[in-house]
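Have a look at the structure below, then the notes.
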Amino acid sequence: MGWTLIRRPTICSKNTTAKLIMNRSSKSESDVRIERIPGQQPLVSISLAIPRLRRRVLILGVGPLARDLCQTLLAKRTGFTEVVGFLDKDATRIGERIVNPSIIGTYDQLFEIAERYQVHTVAVCLEDRRAVLPVQTLLDMKAMGRDVVDGHYLYEEESGRLSIDHLKPSALIFSTGFRRRLVTMLLKRFVDIVIAITGGILLLPLCCILALLIKLDSPGTVFYRQMRVGLRGRPYMIWKFRSMRNDAELHGARWASAEDPRISRVGRWLRKWRLDEFPQLINVVRGEMSLVGPRPERPVFVQELRNTIPYYDLRHTVRPGITGWAQTRFRYGASKEDSHVKLQYDLFYVKNLSLILDLRIVIHTVKVMLMGEGAR
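Numbering (my numbering), first residue to last: 2 to 377.
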């Protein structure tokens, strides 16, 4: 374990400065050196050695998952995690830079390197573990108190999303995370109904004002109804306040974009504060939606996305929501590429669904609404 120095001044005899210094090569905290420095103020600078609150991670493997995990850990910039490097089976690649850290050894050197760098966590990111996974070494390391984790789970924990590009179907089929507890789902539905009815009554005066503004701003209907794909792939009609011109899709369905010219003046304001979503409380009461869940997509886009993005239909195993995990973690986007990223967040939500997670999402959504950080 590494150590850091904290200096605290203490009154001392004149013309003396003392330093309590931790020797990095020593296991003892009592390794002290007292220095007399003439001409200094009568203070003692005591350096107390305390363990660093940093987790050192060693990545076993150099494939795409290993790179993505490393980039995720480095991007957090919290200062609490340090990636010491990668291990590969090929000794000739030692020293080769993968992302920021380089390959520092081979699988056979796992125990030695973990000791040398005082590693806390070993992330196993091997694409093919047959005949190359150092099982006994990993077991020995766990017995010594080191954390040995699957790279997928660490990536999920640190990024808040599932790495669908590296997942095998068996990991989703047999994962306990996708099982639904009946009590949780019944409580979730009860909360949905209570909040939707109560919120609908309280927001009715505001909705009347919004309806008037929409009518005065541009010709057309107040509400916008559109077919979406819901629970188990069943289509339903979603309700929203109209935020685009009446002829917005005269030439067929298309993705919305940043600063979309089809958006009306009032519509832009509605989207910024996410007020256009209020009518979906009707869908919640009817059981077609939940307050929290993956945002529903249109059938034409779903058909396109399920053909290009793996595991896309898993997002339909829960009710779609007015707000969701992806909306609180990812920028606004409406494209195939953005849908690929958002699906990873959606599947994280589906796997880890709980009332506590729903509460986190609702709190963050309220913050987004108050700050005016909604869709563009």
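From the three backbone atoms N, C-alpha and C, an ideal C-beta is built for every residue, glycine too.
### Query
CA-CA distance, Cys208 and Leu282?
Approximately 12 Å, taken between the alpha carbons.
### CA-to-CA distance, Leu315 to Ser171, given in whole angstroms
Spanning the two alpha carbons is a distance of roughly 14 Å.
### Query
For the alpha helix (DSSP H) that Ala67 lies in, which residues bound it at each end?
Under the DSSP assignment, Ala67 falls in the alpha helix (DSSP H) whose first and last residues are Pro65 to Lys77.
### Message
Tell me the rounded alpha-carbon separation between Met228 and Arg243.
### Response
Their Cα atoms are separated by approximately 14 Å.
### Task
Kindly indicate the opening and closing residues of the beta strand (DSSP E) around Met228.
Membership of Met228 in the beta strand (DSSP E) is indicated by the continuous run Phe224 to Val230.
### Query
What's the call for Thr222, buried or exposed, on a 16-neighbour Cβ count within 10 Å?
Under this definition Thr222 is an exposed residue.
### Query
alpha helix (DSSP H) containing Pro206: first to last residue?
Pro206 -> alpha helix (DSSP H) spans Leu183 to Asp218.
### Message
By the three-class DSSP mapping on this structure, what secondary structure does Thr18 have?
### Response
Below a pLDDT of 50, predicted positions are generally treated as unreliable, and Thr18, at 42, falls in that range; no measurement from the model is reported.
### Query
Gly161 and Phe279: beta carbons closer than 8 Å?
No, the pair does not count as a contact, with Cβ atoms beyond the cut-off.
### Query
So, helix, strand or coil for Leu57, using DSSP?
The amino acid occupying residue 57 in the given sequence is Arg; Leu does not appear at that position. Arg57: strand per DSSP, three-state reduction.
### Query
In terms of residues, what are the limits of the beta strand (DSSP E) holding Tyr350?
Careful: Tyr350 lies outside any beta strand (DSSP E), inside the alpha helix (DSSP H) at Lys337 to Asn353.
### Query
Between Gly86 and Leu127, is the Cβ-Cβ spacing less than 8 Å?
Not in contact: Gly86 and Leu127 (Cβ atoms no closer than 8 Å).
### Query
Given a threshold of 16 other Cβ atoms within 10 Å of its Cβ, counted over all protein chains shown, does Tyr346 qualify as buried or as exposed?
With 16 or more Cβ atoms within 10 Å of its Cβ, Tyr346 is classed as buried.
### Query
Should Leu75 and Ala124 be called a contact, given that it needs their Cβ atoms to be closer than 8 Å?
Cβ atoms of Leu75 and Ala124: not closer than 8 Å.
### Message
Taking its Cβ as the centre, do 16 or more other Cβ atoms sit within 10 Å of Lys189, making it buried, or is it exposed?
### Response
So Lys189 counts as buried.
### Query
Name the DSSP beta bridge partners of Val123, please?
Val123 pairs with Leu59 and Val149.
### Task
If I'm right that Thr329 touches Ile362 with Cβ under 8 Å, what's the distance once you round it to whole angstroms?
That pair is a contact at about 6 Å.
### Query
Under 8 Å, do Lys273 and Gly201 count as touching if we go by C-beta distance?
The Cβ atoms of Lys273 and Gly201 do not sit closer than 8 Å to each other.
### Query
Cα-Cα, which of His121, Gly106 and Ile105 is closest to Phe81?
That would be His121, whose Cα lies nearest to the Cα of Phe81.
### Message
Let me make sure I understand the geometry here. Which of Arg117, Phe331 and Phe112 has the alpha-carbon closest to that of Leu134?
### Response
Minimum Cα distance to Leu134 is reached at Phe112.
### Message
With distance defined between alpha-carbon atoms, name the residue in Val84, Val369 and Gln110 nearest to Ile95.
### Response
When only C-alpha atoms are compared, the closest one is Gln110.
### Query
Between Val267 and Ile210, what straight-line distance do the alpha-carbon atoms span, to the nearest angstrom?
C-alpha separation (whole angstroms): 12 Å.
### Contact set for Asn308: own chain, Cβ-Cβ below 7 Å, skip 5 residues either direction
Around Asn308: no qualifying Cβ.
### Message
Looking at chain C, is there any beta carbon in it that lies within less than 8 Å of the beta carbon of Met238?
### Response
The structure shown contains no chain C; it holds only a single protein chain.
### Query
Helix, strand or coil for Arg266 per DSSP?
DSSP places Arg266 in helix when its eight states are reduced to three.
### Message
With H, G and I counted as helix, E and B as strand and the rest as coil, what does DSSP make of Arg34?
### Response
With a pLDDT of 42 at Arg34, under the threshold of 50, the modelled position of this residue cannot be trusted; read the value that follows with caution. Note: Arg34 maps to strand in three-state DSSP.
### Message
For Ile239 and Val369, what's the separation of their Cα atoms in angstroms?
### Response
When rounded, the distance between both Cα atoms is 22 Å.
### Message
Could you compute how far the alpha carbon of Leu276 sits from the alpha carbon of Pro206?
### Response
Approximately 13 Å, taken between the alpha carbons.
### Message
Is the separation between the beta-carbon of Pro297 and that of Gly231 shorter than 8 Å?
### Response
Cβ distance < 8 Å, so Pro297 and Gly231 count as in contact.
#### Entry: Limits of the unbroken alpha helix (DSSP H) element including Asp314
From DSSP, Asp314 is part of no alpha helix (DSSP H); its letter is neither H nor E.
### Message
Here's a check: name, in chain order, each residue in its chain whose Cβ is nearer than 8 Å to the Cβ of Gln72, leaving out the five neighbours to either side.
### Response
Non-local beta-carbon contacts of Gln72 in its own chain, meaning distances under 8 Å to residues more than five positions away in sequence, involve Val100 in chain order.
### Task
Mind reading off the beta-carbon distance from Val285 to Val319? Whole number of angstroms is fine, and I expect it under 8 Å.
The beta-carbon distance between Val285 and Val319, rounded to whole angstroms, is 13 Å. This is too long to meet the 8 Å contact definition.
### Task
Using alpha carbons as the reference points, say which of Met290, Arg246, Ile198 and Val195 lies closest to Asp218.
Looking from the CA of Asp218, the closest CA among Met290, Arg246, Ile198 and Val195 belongs to Arg246.
### Message
Per DSSP, what are the beta-bridge partners of Trp240 in this structure?
### Response
When DSSP reads this structure, Trp240 sits in a beta bridge with Arg226.
### Query
According to the neighbour-count rule (16 or more other Cβ atoms, all chains shown, within 10 Å of its Cβ), is Glu338 buried or exposed?
Counting Cβ neighbours within 10 Å, Glu338 comes out exposed, since fewer than 16 surround it.
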